[in-house]
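Trainee: Okay, handing you the structure first.
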Amino acid sequence: MSEIVGRRLAQLANLAVTELKGVTPKRAEALATLGIRSVLDVLTNYPRRYIDRTKEVTIRDAPLDEEVVLLATVKASRAVRSKNGREFIVITVADDTGSLDISFFNQRWRLKFLPVGTSVAIFGKVTVFNGRRGMTNPFVDKVGTRVGRIVPIYPQSEKARINSDTIADLCAETLRRSGEFADIVDESLLDRLDLVDRTTAFRGIHEPNDSEEEKAARKRLVFDELLRVQVELVRRKRELERTAVGIAHVVGDGGGPLVKRFHEVLPYDLTGAQARTIVEINEDLAKGHPMHRLLQGDVGAGKTVVAVSAMLVAVQGGHQAALMAPTEVLAEQHHLGIKHLLEGFTVPDTDDGNLFGGAGMDRSLRVALLTNRTTAGDRRKILEDMATGNLDIVIGTHSLISEGIEFKSLGVVVIDEQHRFGVEQRAALRDKGAGDAMPDVLVMT
């Protein structure tokens with residue numbers, strides 16, 4: 032191949048690394064150990080650090096007990112055993128102004144990794160021992176023959192015989208033969224976000240002229256990574272909306288009778304942010320596919336009121352709601368607070384077996400707490416009421432996702448401090464919905 036055709040990254044992903052000069056099948060196997068299999072892998076294998084030659088110091092001028100960067104050449108190496116039998120490796124390096132010893136404990140592989148004549152960059156503190164300057168266990172990178180003010184240092188593999196120079200050469204060839212890269216981000220958006228174009232970013236990360244170029248390149252490439260994540264999340268959301276079966280809740284005017292009454296009995300008015308968020312959530316609840324929303328706000332911002340409003344939408348439609356908290360203390364606080372807020376609320380009684388009431392009559396809205404502290408008798412009653420639909424809102428901890436927990440019709444799930452739960456734990460509560468219909472999920476943080 033005389034030229035890498037095209038500028039889209041997808042094209043580079045389909046080109047094997049053997050398309051690059053000097054990459055034999057054997058070399059390709061070695062590169063694969065570093066995760067480099069395609070030309071795109073070469074381009075996205077970013078340097079782990081940079082050597083700024085404008086900030087390097089000489090061995091003679093290096094201050095003691097301060098972090099410095101030295102560029103030197105290996106002059107000698109040897110293994111030494113201490114009196115207590117501990118082995119350490121001593122590498123003598125030198126530049127035009129002097130020499131020093133760098134020591135490593137129990138790292139015999141350094142002898143092969145740093146043969147005489149190797150150019151290295153050394154990061155560490157210079158100390159004096161027995162009248163001689165040296166370093167102990169510093170960071171050492173091979174710098175090869177790269178020139179320029181800023182020298183990139185790539186992840187290396189001595190075992191695979193892949194050094195930073197090899198990776199840098201492959202990156203340089205990839206950039207040269209790729210030409211300009213197509214950019215999916217509009218130029219006006221780049222200007223508004225103060226981002227460089229994709230071509231400038233790739234050249235700036237691999238061949239920066241100064242630290243500002245490298246920072247600008249990294250900012251753009253980080254943006255691209257986050258953009259890819261967001262696009263994939265949107266794709267999954269759209270797929271879920273297309274295939275998943277949810278509950279189309281009847282919201283009604285003002286959110287419905289229970290929600291409207293709840294807002295009326297609050298001892299304060301909803302804030303603008305609360306009212307707007309409730310409207311947006313209600314719009315999602317009215318759709319036939321399951322909601323999955325993140326509710327973010329500071330402590331005291333009123334997230335609980337928003338969550339209760341969503342749960343009441345489910346309850347007034349004959350469904351149930353669950354709130355899962357990460358700790359028993361927090362679950363108990365939610366239970367006390369929500370039970371107080373909903374005191375005196377009633378819902379239609381659908382239990383035909385109730386001798387003292389029955390279908391068509393009202394009963395009190397029931398809120399229960401289920402944690403490991405719940406007594407065996409109370410637990411049996413709560414589980415029975417959850418399965419028959421006689422419990423409207425249940426608040427608990429991980430106990431809510433235990434085996435044997437069943438809801439008659441779980442309509443809304445609220446998860447507080449969602450970062451404290453794993454993906455599987457959150458999914459386990461969502462999967463407690465009856466039948467094929469998935470409950471709507473609101474996670475708070």
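For the sequence shown, the working numbering assigns the number 32 to the initial residue and increments by one for each residue that follows. C-beta atoms are modelled at their ideal positions from N, C-alpha and C, and glycine is treated no differently.
Candidates MET322, ALA44, GLY349 and LEU271: which alpha carbon is nearest LEU422's?
Mentor: Sequence index remark: in the sequence shown, residue 422 carries index 391 (1-based). Nearest of MET322, ALA44, GLY349 and LEU271 to LEU422, Cα basis: GLY349.
Trainee: When you compare only the Cα positions, how much space is there between GLY408 and GLY435?
Mentor: For the purposes of this step, residue 408 is taken as residue 377 along the sequence shown, with counting starting at 1. For the purposes of this step, residue 435 is taken as residue 404 along the sequence shown, with counting starting at 1. One C-alpha to the other measures close to 15 Å.
Trainee: In terms of alpha-carbon separation, which member of VAL157, VAL444, LEU206 and LEU258 lies closest to HIS323?
Mentor: As a working note, residue 323 is residue 292 in the sequence shown. Measuring from the Cα of HIS323, the nearest candidate turns out to be VAL444.
Trainee: Mind checking whether ALA107 and THR123 have CB atoms under 8 Å apart?
Mentor: Position 76 of the sequence shown, counted from the first residue, corresponds to residue 107. Position 92 of the sequence shown, counted from the first residue, corresponds to residue 123. Going by C-beta atoms, ALA107 is nearer than 8 Å to THR123.
Trainee: Under 8 Å Cβ to Cβ from HIS365, same chain only, skipping five residues before and after it: list those, please.
Mentor: The residue labelled residue 365 in the question sits at position 334 within the sequence shown. Excluding positions up to five away in sequence, the list reads THR335, LEU354, ALA356, ILE426 and ASP447.
Trainee: Could you check the C-alpha separation between VAL344 and ALA44 for me, to the nearest Å?
Mentor: Here residue 344 refers to the residue found at position 313 of the sequence shown. Here residue 44 refers to the residue found at position 13 of the sequence shown. Straight-line Cα distance between these residues: approximately 48 Å.
Trainee: Starting from the Cα of ARG163, find the closest Cα among SER150, ASP132 and ARG139 and give me that residue.
Mentor: For the purposes of this step, residue 163 is identified with residue 132 of the sequence shown, where counting begins at 1. Comparing Cα-Cα distances from ARG163 to each of SER150, ASP132 and ARG139, the minimum goes to ASP132.
Trainee: Got a sec? Which residues, its chain only, sit under 6 Å from SER150 by beta carbon, not counting five neighbours each side?
Mentor: For the purposes of this step, residue 150 is taken as the residue at position 119 of the sequence shown. Around SER150: THR104 and VAL174.
Trainee: Run the CB neighbour count on PRO470, radius 10 Å, all protein chains shown included, and call it buried at 16 or more, exposed below.
Mentor: In the sequence shown, counting from the first residue as 1, residue 470 sits at position 439. Result: buried.
Trainee: If you reduce the DSSP assignment to three classes, tell me which class PHE119 lands in.
Mentor: On the sequence shown, position 88 is the one that residue 119 refers to. Strand.
Trainee: Would you give the residue range spanned by the beta strand (DSSP E) that LYS156 belongs to?
Mentor: Here residue 156 refers to the residue found at position 125 of the sequence shown. 150-156 is the span of the beta strand (DSSP E), which, as asked, contains LYS156.
Trainee: Between VAL99 and ILE198, what straight-line distance do the alpha-carbon atoms span, to the nearest angstrom?
Mentor: On the sequence shown, residue 99 is found 68 positions in, with the first residue counted as 1. On the sequence shown, residue 198 is found 167 positions in, with the first residue counted as 1. For VAL99 and ILE198, the distance between alpha carbons rounds to 25 Å.
Trainee: Do you know offhand how far PRO24's Cα is from TYR185's?
Mentor: Not covered by the structure: residue 24. The range shown for the chain is 32 to 476.
Trainee: With a threshold of 8 Å on Cβ separation, who are the neighbours of LYS86 within its own chain once the five nearest residues in sequence on each side are excluded?
Mentor: Counted from its first residue, the sequence shown places residue 86 at position 55. So the qualifying residues of the chain are VAL100.
Trainee: Quick check for students: name the residue ranges of the alpha helix (DSSP H) that lie wholly in the segment 268-333, counting only runs of 4 or more.
Mentor: For the segment 268-333, whole alpha helix (DSSP H) runs of length 4 or above, ordered along the chain, are 288-296 and 303-316.
Trainee: Answer yes or no: do VAL48 and ASP72 have a C-beta to C-beta separation smaller than 8 Å?
Mentor: Counted from its first residue, the sequence shown places residue 48 at position 17. Counted from its first residue, the sequence shown places residue 72 at position 41. Yes, Cβ-Cβ distance for VAL48 and ASP72 is below 8 Å.
Trainee: Please list the terminal residues of the continuous alpha helix (DSSP H) segment that includes LEU43.
Mentor: As a first step, residue 43 must be located in the sequence shown, where it is residue number 12. It spans 40-44 - the alpha helix (DSSP H) in which LEU43 sits, taken as one unbroken run.
Trainee: On the DSSP letters alone, give me the boundaries of the beta strand (DSSP E) that PHE135 sits inside.
Mentor: Taking the sequence shown and counting its residues from 1, the one referred to as residue 135 is at position 104. Its beta strand (DSSP E) spans residues 129-136.
Trainee: Give a yes or no on contact between the segment 299-314 and the segment 262-278, applying the rule of three or more CB pairs nearer than 8 Å.
Mentor: Taking 8 Å as the limit for Cβ pairs, the verdict is that the segment 262-278 does not touch the segment 299-314.
Trainee: From the DSSP output, in three-state form, read off GLY210 for me.
Mentor: For the purposes of this step, residue 210 is identified with residue 179 of the sequence shown, where counting begins at 1. Here GLY210 sits in coil by DSSP.
Trainee: Between the C-alpha atoms of HIS429 and THR402, what's the straight-line distance to the nearest angstrom?
Mentor: Your numbering for residue 429 matches position 398 in the sequence shown. Your numbering for residue 402 matches position 371 in the sequence shown. So the two alpha carbons sit approximately 8 Å from each other.
Trainee: Just to confirm, are ASP188 and LEU65 a CB contact at a threshold of 8 Å?
Mentor: As a first step, residue 188 must be located in the sequence shown, where it is residue number 157. As a first step, residue 65 must be located in the sequence shown, where it is residue number 34. According to the sequence shown, residue 188 is Ser rather than Asp. In this structure, LEU65 lies closer than 8 Å to SER188 by Cβ.
Trainee: Would you tell me roughly how many angstroms separate the C-alpha atoms of ARG251 and ASP228, rounded to the nearest one?
Mentor: Sequence index remark: in the sequence shown, residue 251 carries index 220 (1-based). Sequence index remark: in the sequence shown, residue 228 carries index 197 (1-based). Between ARG251 and ASP228, the C-alpha separation is close to 8 Å.
Trainee: Give the straight-line distance between the Cα atoms of THR158 and LYS114, rounded to the nearest whole angstrom.
Mentor: Stepping through the sequence shown from its first residue, residue 158 is reached at position 127. Stepping through the sequence shown from its first residue, residue 114 is reached at position 83. Their backbone Cα atoms lie some 22 Å apart in a straight line.
Trainee: Where does LEU226 fall in DSSP's three states?
Mentor: Position 195 of the sequence shown, counted from the first residue, corresponds to residue 226. DSSP places LEU226 in coil when its eight states are reduced to three.
Trainee: Between ASP126 and ILE90, what straight-line distance do the alpha-carbon atoms span, to the nearest angstrom?
Mentor: If you number the sequence shown from 1, residue 126 lands on position 95. If you number the sequence shown from 1, residue 90 lands on position 59. Near 7 Å, if we compare the C-alpha coordinates of ILE90 and ASP126.
Trainee: Can you name, in chain order, every residue of its own chain whose Cβ lies under 7 Å from the Cβ of ILE67, other than the five neighbours on each side?
Mentor: Counting from one through the sequence shown, the residue named residue 67 turns up at place 36. If we look at ILE67 and ignore the five residues flanking it on each side, its Cβ neighbours are VAL48, VAL73 and ASN76.
Trainee: Roughly how many angstroms lie between the CA atoms of GLY328 and GLU374, to the nearest whole one?
Mentor: Your numbering for residue 328 matches position 297 in the sequence shown. Your numbering for residue 374 matches position 343 in the sequence shown. Roughly 26 Å separates the two Cα atoms.
Trainee: Please classify GLU245 as buried or exposed, where buried requires at least 16 neighbouring CB atoms within 10 angstroms.
Mentor: Within the sequence shown, numbered from 1, the residue matching residue 245 stands at position 214. With 16 or more other Cβ atoms within 10 Å, it is buried.
Trainee: What would DSSP say about GLU434, mapped onto helix, strand or coil?
Mentor: As a first step, residue 434 must be located in the sequence shown, where it is residue number 403. Looking at GLU434 - three-state DSSP - the assignment turns out to be coil, as it is neither helix nor strand.
Trainee: Less than 8 Å between the C-beta atoms of ASP380 and ARG397, yes or no?
Mentor: What you label residue 380 is simply residue 349 of the sequence shown in a count that begins at 1. What you label residue 397 is simply residue 366 of the sequence shown in a count that begins at 1. No, Cβ-Cβ distance for ASP380 and ARG397 is not below 8 Å.
Trainee: Among PHE170, SER433, ILE278 and ILE236, which residue has its Cα nearest to the Cα of LEU102?
Mentor: As a first step, residue 102 must be located in the sequence shown, where it is residue number 71. Among PHE170, SER433, ILE278 and ILE236, the Cα nearest to that of LEU102 is on PHE170.
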